[in-house]
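> Numbering (this note's numbering), first residue to last: 16 to 226.
Don't be surprised by glycine CBs; every beta carbon is placed ideally from N, CA and C.
1) For the structure I just gave you, are there three or more beta carbon pairs, one from the stretch 155-168 and one from the stretch 176-187, closer than 8 angstroms?
2) In the structure shown, what three-state DSSP assignment does residue 74 receive?
3) Secondary structure at residue 173, three-state DSSP: helix, strand or coil?
4) Taking 8 angstroms as the cut-off, decide whether the C-beta atoms of residue 66 and residue 214 are in contact.
5) Give me whichever residues DSSP pairs with residue 102 in a beta bridge.
6) What is the DSSP secondary structure of residue 196, reduced to helix, strand or coil?
7) Nearest to residue 180 by CA position, among 160, 209 and 166, is which residue?
8) Residue 105 and residue 138 - do their beta-carbons sit closer together than 8 angstroms?
9) Verify whether the separation of the beta carbon atoms of residue 151 and residue 101 is less than 8 angstroms.
10) Between residue 108 and residue 217, how many whole angstroms is the CB-CB distance? I'm expecting something under 8 angstroms.
11) Looking only at its own chain, which residues have a Cβ that is under 6 angstroms from the Cβ of residue 63, when we skip the five neighbours before and after it?
12) Are the CB atoms of residue 96 and residue 80 nearer to each other than 8 angstroms?
13) Quick check: the Cα distance between residue 222 and residue 144, rounded to an integer number of angstroms?
14) According to DSSP, which residues form a beta bridge with residue 138?
15) Assign residue 65 to one of three DSSP states: helix, strand, or coil.
16) Tell me which same chain residues have a C-beta within less than 7 angstroms of the C-beta of residue 224, skipping the five on either side of it?
17) Roughly how many angstroms separate the alpha carbons of residue 166 and residue 77, rounded to a whole number?
18) Does residue 95 come out as helix, strand or coil in the three-state DSSP assignment?
In structure tokens form, the structure reads like this:
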């Protein structure tokens, strides 16, 4: 009898240990989805995925214009565009618009020669978010100001300005000024929910869609 009483507590201890182990495993299963969600949210907060700054748009546009121009030249287009500077103003005077100031050169490839024309365009447009492409576009462009600087042209610069505006409008119709990155947690999180784009002073803000 003495031996039985000596062993019984050990059996109880083993059973208690197994029970605690099962409880820990169960708790881990319960908390795992919560931890994943918290990681997504904290990653989104750290990367500021719900807003896009003016500086981010300026940098992205520089890269996109270079890529677009290269594709246009490869397709045989006689026009090329190089941007020296891009200034983006979001939400001026509290309006839901973006103002783009573009300084660059439009070159016409004619007779085996390039004729560069310095161009300044100040345009206004409405930011638009395409949820299927997860990309931001600028639509409904309106010319606010323009200047032309070239020794090759004299007199009326309106035809040159009109051509530059058409080129810019065509470019922005097909070229996003920003695209969400699926490679990071922020882009993945944004793709799981319906979002709307709001214009705020100095930034574009993603908010949950009410549709």
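Judging by the given coordinates:
1) yes
2) helix
3) helix
4) no
5) 116
6) coil
7) 160
8) no
9) no
10) Incorrect: roughly 13 angstroms between the Cβ atoms, too far for contact.
11) In this predicted model, residue 63 has a pLDDT of only 43, less than 50, meaning its place in the structure is not dependable; the value taken from the coordinates is given anyway. Answer for residue 63: no residue qualifies.
12) yes
13) 11 angstroms
14) 115 and 158
15) coil
16) 209, 210 and 211
17) 26 angstroms
18) strand
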